[in-house]
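**Student:** First, the structure itself, so that you have it in front of you.
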Amino acid sequence: MTAVVDTTVDAPTEDATPLPALASWPARAGAFAVDVLLGVAVIATLALVAWTAPLRGWLWWLYVGAAALAFVAMAVNRWLLPSTRGFSLGRALLGIAVTTRDGAAAGVWRLLVRDVAHLLDTAALFVGWLWPLWDRRRRTFADLLLRTEVRAVERPKRDVRRLTAWVLIGAALACAAAVGLSYLVQYRHEQAVDEARRQIIEQGPRIVEEMLSYNKDTLQQDFSRAQSLTTDSYRPQLIAQQQAVQQSGGTSNDFWAVSSALLPNPSVTPDSAAMLLAMQGQRGAAQDLKFITATVRVDFEKVDDQWRVGNLTVLKKPQMNQAGQ
2 MTAVVDTTVD
12 APTEDATPLP
22 ALASWPARAG
32 AFAVDVLLGV
42 AVIATLALVA
52 WTAPLRGWLW
62 WLYVGAAALA
72 FVAMAVNRWL
82 LPSTRGFSLG
92 RALLGIAVTT
102 RDGAAAGVWR
112 LLVRDVAHLL
122 DTAALFVGWL
132 WPLWDRRRRT
142 FADLLLRTEV
152 RAVERPKRDV
162 RRLTAWVLIG
172 AALACAAAVG
182 LSYLVQYRHE
192 QAVDEARRQI
202 IEQGPRIVEE
212 MLSYNKDTLQ
222 QDFSRAQSLT
232 TDSYRPQLIA
242 QQQAVQQSGG
252 TSNDFWAVSS
262 ALLPNPSVTP
272 DSAAMLLAMQ
282 GQRGAAQDLK
292 FITATVRVDF
302 EKVDDQWRVG
312 NLTVLKKPQM
322 NQAGQ
């Protein structure tokens with residue numbers, strides 16, 4: 002008896018959909034330049050000009066805020082838009098997209114981790130970035146780790162080239178504006194410092210001479226004038242010294258500066274400066290006249306557009322010699 006076996010095999014009802022072609026290395030490099038290098042250039046420019054701005058000043062905060070906005074825009078374009086719109090700006094321009102190995106769209110977290118994994122491509126002396134040139138599936142080290150591929154896809158219907166051009170122009174203008182503003186502010190700051198230096202060289206010795214000099218016959222008027230030449234913070238110290246003079250009976254005191262030297266930057270700002278002065282003077286009446294020499298450091302502050310003494314430190318104690326000696 003012979004048995005008959007049915008060996009018929011069901012044929013597939015439809016063919017598997019072929020995956021899009023793998024993206025070329027130049028297309029990937031171009032998309033990376035638009036999506037990443039452009040933003041990095043803007044952030045680097047802002048960081049550089051922020052370095053020259055006064056720390057935590059309004060200009061520094063402006064640059065830091067602008068750099069943060071640039072990073073957020075770059076992150077949204079690089080990680081969020083591909084998940085919501087299917088493309089980042091650079092990939093849309095070049096007609097490529099990041100997918101999983103089976104052709105599905107890569108999600109936000111996979112794209113984020115993939116970009117972090119690009120550090121491996123960079124750490125390996127940039128070999129990972131060149132690996133797609135000879136890899137059969139044109140993958141970087143990050144693609145190998147995250148099991149992703151980059152494939153050529155149809156470009157979106159909207160005019161991506163014009164949008165990219167506007168982004169490039171905006172980035173260039175932002176960098177130029179940051180550099181120009183930094184130069185303008187720095188130039189004005191240097192002008193203000195030069196003006197402050199000129200004013201202190203001219204006015205500083207006269208202010209100190211007037212503050213330290215007084216006549217016994219006009220003691221109260223001279224003391225009041227001296228107090229008007231000081232800042233609110235230093236005035237109590239000067240008043241205490243004046244009271245000590247009054248308690249000792251008071252005598253005429255006349256000082257003048259024989260030499261002065263402005264301390265170099267950063268002691269000079271548009272609103273502050275420091276100066277060393279060699280002082281000479283005479284104390285007492287004609288029959289009991291004493292000559293005085295002293296060296297002081299004086300810190301000046303600008304108050305209501307007028308220079309005032311913020312502090313006076315005696316570096317070399319006054320030496321008195323009897324007249325004729």
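Here the sequence shown is numbered in my numbering, starting from 2 and rising by one per residue.
For glycine and all other residues, C-beta sits at the position ideal for the given N, C-alpha and C.
Relative to the alpha-carbon of Val114, which residue among Arg79, Arg226, Ala98 has its alpha-carbon at the smallest distance?
**Tutor:** Arg79
**Student:** Give me the Cα-Cα distance between Arg189 and Arg57, rounded to the nearest whole angstrom.
**Tutor:** 18 Å
**Student:** Which residue wins for smallest C-alpha separation from Gly250, given the options Leu220, Thr231, Arg236, Ala275?
**Tutor:** Leu220
**Student:** Write down the C-beta distance between Ala93 and Thr100 rounded to the nearest angstrom, noting that I regard them as a contact closer than 8 Å.
**Tutor:** So it is not a contact: roughly 15 Å between Cβ atoms.
**Student:** For Arg207, count the other beta carbons within 10 Å of its own beta carbon; 16 or more makes it buried, fewer makes it exposed. Which is it?
**Tutor:** The residue in question, Arg207, is exposed, as its Cβ has fewer than 16 Cβ neighbours within 10 Å.
**Student:** If the criterion is Cβ atoms closer than 8 Å, does the pair Ala125 and Phe142 meet it?
**Tutor:** yes
**Student:** Ordered along the chain, which non-local residues of its own chain (more than five positions away) have a Cβ less than 7 Å from that of Cys43?
**Tutor:** It is Val, not Cys, that sits at residue 43 in the sequence shown. Contacts found: Ala71, Ala172, Ala175, Cys176.
**Student:** Could you please give me the residues that DSSP links to Phe330 through a beta bridge?
**Tutor:** Residue numbering for the chain in the displayed model covers 2 to 326; residue 330 lies beyond these limits and cannot be assessed.
**Student:** Kindly confirm or deny that the region 82-89 and the region 23-31 touch, where touching means at least three C-beta pairs closer than 8 Å.
**Tutor:** no
**Student:** Could you compute how far the alpha carbon of Thr231 sits from the alpha carbon of Ala178?
**Tutor:** 41 Å
**Student:** In chain order, what residues of the same chain have a beta carbon less than 6 Å from the beta carbon of Pro19, not counting five sequence neighbours either side?
**Tutor:** By the criterion of a C-beta distance shorter than 6 Å, Pro19 is surrounded by no residue of its chain, once the five residues flanking it on both sides are discounted.
**Student:** What residues in its chain sit with their C-beta under 7 Å from that of Asp7, if we drop five residues either side in the sequence?
**Tutor:** Since pLDDT at Asp7 reaches only 42, below the 50 mark, its modelled position is unreliable, and the value read off the structure follows with that caveat. None.
**Student:** In whole angstroms, what is the alpha-carbon distance linking Gln283 and Val304?
**Tutor:** Between Gln283 and Val304, the alpha-carbon positions lie close to 31 Å from each other.
**Student:** Would you report the Cα separation of Glu155 and Arg162, rounded to the nearest angstrom?
**Tutor:** 14 Å
**Student:** What is the C-beta distance between Trp132 and Arg140, in whole angstroms, given that I count them as a contact (C-beta under 8 Å)?
**Tutor:** 7 Å
**Student:** On the three-state DSSP scale, how would you describe Leu126?
**Tutor:** coil
**Student:** Please classify Val6: does DSSP put it in a helix, a strand, or coil?
**Tutor:** Per-residue confidence for Val6 stands at a pLDDT of 41, beneath the threshold of 50, marking its modelled position as unreliable; no derived number is given.
**Student:** Can you tell me whether DSSP reads Leu313 as helix, strand or coil?
**Tutor:** Shown here, Leu313 sits in a strand according to DSSP, grouped into three states.
**Student:** In its own chain, which residues sit with a C-beta less than 6 Å from the C-beta of Met2, not counting the 5 before and 5 after it?
**Tutor:** Because the pLDDT at Met2 is just 40, under 50, the model does not fix this residue reliably, and the point stays unresolved.
**Student:** Among Ala34, Asp36, Phe33, Leu47, which one has its Cα closest to the Cα of Leu182?
**Tutor:** Taking the Cα of Leu182 as reference, the smallest distance to any Cα among Ala34, Asp36, Phe33, Leu47 is reached at Leu47.
**Student:** Can we say the region 224-244 touches the region 265-272, given the rule of at least three CB pairs closer than 8 Å?
**Tutor:** No contact exists between the region 224-244 and the region 265-272.
**Student:** If you scan the region 19-104 from start to end, which runs of the alpha helix (DSSP H) of 4 or more residues do you find wholly inside it?
**Tutor:** 26-33, 39-53, 59-76, 82-85, 90-95
**Student:** For Thr232, which residues does DSSP report across the bridge?
**Tutor:** Beta-bridge pairing links Thr232 to no other residue.
**Student:** Could you have a look at Leu290 and say whether DSSP puts it in helix, strand or coil?
**Tutor:** coil
**Student:** If you draw a straight line from the alpha carbon of Arg102 to that of Leu134, how long is it in whole angstroms?
**Tutor:** 18 Å
**Student:** Rounded to whole angstroms, what is the Cα-Cα separation between Pro27 and Val117?
**Tutor:** 21 Å
**Student:** Helix, strand or coil for Lys158, going by three-state DSSP, please let me know.
**Tutor:** Three-state DSSP puts Lys158 in coil, outside helix and strand.
**Student:** With a Cβ-Cβ cutoff of 8 Å, do Phe33 and Gly91 count as a contact?
**Tutor:** yes
**Student:** Using a Cβ-Cβ cut-off of 8 Å (strictly less than) and excluding sequence neighbours within five positions of Gly31, which residues of its own chain qualify?
**Tutor:** Closer than 8 Å at Cβ, skipping near neighbours: Gly91, Leu94, Leu95.
**Student:** Is DSSP giving Ala118 helix, strand or coil here?
**Tutor:** helix
**Student:** Excluding five sequence neighbours on each side, which residues of the same chain lie with their C-beta closer than 6 Å to the C-beta of Ala227?
**Tutor:** Met212
**Student:** Going by DSSP in three states, Leu239 sits in which element: helix, strand or coil?
**Tutor:** helix
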